[in-house]
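Asker:
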Amino acid sequence: MNPVIALVGRPNVGKSTLFNRLTRSRDALVADFPGLTRDRKYGNGMLGGKAYTVIDTGGISGDEEGIDAAMAEQSLQAIDEADIVLFMVDGRSGLNVADEAIANHLRVNQKKTWLVVNKTDGLEEHSAMADFWQLGIGEPRSIAAAHGRNVTSLIEEVLDPFPERDPDIPADTGASGIHIGVIGRPNVGKSTLVNRLLGEDRVVVFDEAGTTRDAIEIPFERRGKPYVLVDTAGVRRRKNVREVAEKFSIIKTLEAIKECHVAVMVLDARSGLVEQDLHLLDYVLTSGRALVLAVNKWDGLEHEAKEKMRAEIKRRLGFADYAELHFISALHGTAVGDLYPSIERAFESANSHWSTNRLTNILRDAVEQHQPPMIHGRRIKLRMAHQGGTNPPIIVVHGNQTDSLPEAYKRYLTNTFRKVLKVRGTPMRFEFRSGK
Ligand code: GDP
Ligand code: GDP
């Protein structure tokens, strides 16, 4: 798991400025979970071969009386999930009572904390920093987040104790098989499903699990085929079912999404779709991950309820309509085995390779069926298509005036490619390039 850095501080000290700077690398995926975490924001970054996750804890109210409560509600949870806390203060406005209240909280916390004085651009550094020693957090470090001054060296130092590691698992399955991540908000039935998947007939679980720091990988074999379950719920660490489930962790969920080939997102038929589901799905979609949807707790529900749920999912999850949908009961084991063919299909689709010839032919046929519009009296031309990547598949289309291609036409192309190539269970990306 990547080291997790939490940015803490009163409003306006520059947390989101620093957050943006730290998550600006090409592969940064920024997740916004307003419903899940109030204003917290999660992002990924990379520095000198080390990947990290940043949490912007959002504005602490700053109201001196309310600060304790706000701190407790908002940031303590984020601090709890973090390995490192960057406590940010404002070098221009100087020490503030709200800073002191936050410092009191941080001192009792065991987390490694760095005191970061922001906005020191154009200030006489020595006197700007002097006040902040009083906070008792250690040596104040001067940065200017807006200009990037001292930011890289600070983060390098912060990350120094953490080892370099591969930010992503390779796209191919190697010998270990497809990595399946079971995700979902609390109580939808993830642990029940994980136990069910591992407890199925003819499933052999290799108990010497590769235990990384927090996510657990459980290798198993089903009908002679290898798989790895990425367990976010800590199911296998519990000695018995009665032991209380671990606290739901967004960081672990994001980690599992990153480390799996296919995410199985569990929804709860009894409570229907809620905001949290949509935010998690949104993250799966931006991460480009292959996806299977499992509507759980289907036992005892009527057929009409199924149609209603299907319609609701279609209406509200239109953006994830590439995913295959299953109605299951993890508790009774109903339809749980059906998840596997969908997982396989999603994996195959996400990692397919298609020749330039084939893609260009599909493009030509599509254009012949339905021409792109004229722009300024000239027809948009689409000449050639090739594959720009896998997992998720990227199709690069070359032509003229492609910047003017209407959204509706792009959708038409996407649907055509999906249908002809039989791509299911994975998002697809299209890039359009104009050239002479
Ligand atoms: P947050 O509320 O803690 O997330 O703070 P923001 O990142 O929104 O920053 C608050 C204000 O401080 C914005 O107007 C920023 O442009 C400004 N700011 C942030 N970093 C710096 C800096 O390094 N130097 C200066 N001069 N201003 C900064
Ligand atoms: P998690 O927090 O997502 O891991 O959820 P759990 O697996 O701990 O399940 C939460 C609750 O839902 C437990 O009381 C389970 O017994 C119950 N549950 C899980 N799957 C089903 C199901 O298929 N049908 C019904 N009726 N209840 C279920």
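Residues 12 to 447 (my numbering) are what the sequence shown spells out, left to right.
Glycine residues also receive a C-beta, built at the ideal position from the N, C-alpha and C atoms.
1) Is SER27 near ligand 1, going by C-beta to nearest heavy atom under 7 Å?
2) Using beta-carbon positions only, say whether ILE324 and LEU336 come within less than 8 Å of one another.
3) Under 8 Å, do GLU232 and GLY348 count as touching if we go by C-beta distance?
4) Assuming the contact rule is C-beta atoms closer than 8 Å, VAL450 and ILE354 should be a hit. Round their C-beta distance to whole Å, please.
5) Is the beta carbon of GLY388 sitting closer than 8 Å to the one on GLU442?
6) Considering only residues of the same chain and omitting the five flanking positions on each side of GLY59, which have a CB-CB separation below 7 Å?
7) Give a single yes or no on whether ASP110 has its beta carbon closer than 7 Å to a heavy atom of ligand 1.
8) Distance, Cα to Cα, ARG390 vs HIS381?
9) My output table needs one value for ASN120: the three-state DSSP class, helix, strand or coil.
10) Is the number of C-beta pairs between the region 274 to 282 and the region 409 to 425 that are closer than 8 Å three or more?
11) Can you say whether GLN145 is buried or exposed, counting buried as having 16 or more other CB atoms within 10 angstroms of its CB?
12) By Cβ distance below 7 Å, which residues in the same chain neighbour SER3 in space, the five residues on each side in sequence not counted?
13) Going residue by residue through the region 88 to 138, where are the continuous alpha helix (DSSP H) segments of at least 4 residues, counting only ones entirely within it?
14) I'd like the span of the beta strand (DSSP E) that includes ASP67, first residue to last.
15) At which residues does the alpha helix (DSSP H) containing MET276 begin and terminate?
16) At the level of alpha carbons, what is the spacing between ARG440 and PRO383?
17) When DSSP builds the beta bridges, which residues end up paired with HIS409?
18) Evaluate contact between the region 52 to 66 and the region 122 to 138, counting only Cβ atoms and requiring at least three cross-stretch pairs below 8 Å.
19) Nearest to ALA357 by CA position, among GLY25, GLY299, LEU87, GLY133, is which residue?
20) Using a Cβ-based criterion (distance less than 7 Å to any ligand heavy atom), does GLY102 qualify as near ligand 2?
21) Which partner residues of GLU175 appear in the DSSP bridge assignment?
22) Tell me whether ASP288 counts as near ligand 1, meaning its Cβ is closer than 7 Å to at least one heavy atom of that ligand.
23) Thinking just about the alpha-carbon of each residue, which of TYR63, ASN23, ALA361, ARG35 is nearest to the one in ALA17?
24) Please report the distance separating the alpha-carbon of ILE194 from that of LYS430.
25) Measure the C-alpha to C-alpha separation of VAL96 and SER27 and round it to an integer number of angstroms.
26) From PHE98 to SER138, what does the alpha carbon distance come to, in whole angstroms?
27) Verify whether the separation of the beta carbon atoms of ALA157 and LYS122 is less than 8 Å.
28) Since ARG196 and TYR333 should fall inside the 8 Å C-beta cutoff, what is the C-beta to C-beta distance between them, to a whole number of angstroms?
29) Going along the chain, which residues of its own chain have a beta-carbon closer than 8 Å to the beta-carbon of ARG37, five neighbours each way excluded?
30) With a threshold of 7 Å (Cβ to nearest heavy atom), would ASN120 be considered close to ligand 3?
31) What whole-angstrom Cβ distance do ILE189 and VAL273 have, given they're in contact under 8 Å?
32) Give a single yes or no on whether VAL24 has its beta carbon closer than 7 Å to a heavy atom of ligand 1.
33) Can you list, in chain order, the residues of its chain with a C-beta nearer than 7 Å to that of ILE262? Leave out the 5 residues immediately preceding and following it.
34) Rounded to the nearest angstrom, how far is the Cβ of ASP376 from that of LEU342, given a contact under 8 Å?
35) Quick check: is any heavy atom of ligand 2 less than 7 Å from the C-beta of GLY200?
36) Do LYS317 and PHE338 have their C-beta atoms within less than 8 Å of each other?
Answerer: Let me spell this out:
1) yes
2) yes
3) no
4) Residue 450 is absent from the model: the chain starts at 12 and stops at 447.
5) no
6) GLU167
7) no
8) 12 Å
9) coil
10) no
11) exposed
12) Shown here, the chain extends from 12 to 447; a query on residue 3 therefore has no answer.
13) 108 to 119
14) 61 to 67
15) Per DSSP, MET276 belongs to no alpha helix (DSSP H); it is in the beta strand (DSSP E), 273 to 279.
16) 19 Å
17) MET395, ARG444
18) no
19) GLY299
20) no
21) None; GLU175 has no bridge partner.
22) no
23) TYR63
24) 28 Å
25) 15 Å
26) 19 Å
27) no
28) Going by Cβ atoms, the distance from ARG196 to TYR333 rounds to 21 Å, so no, they are not a contact pair.
29) Interpretation of ARG37 is limited by its pLDDT of 45, a score under 50 that renders its predicted location unreliable; no figure is taken from the coordinates.
30) Inclusion of ligand 3 in the displayed structure is not the case, the ligand content consisting of ligand 1 and ligand 2 alone.
31) 6 Å
32) yes
33) VAL15, THR64, GLU92
34) ASP376 to LEU342, Cβ: 47 Å. No contact.
35) yes
36) yes
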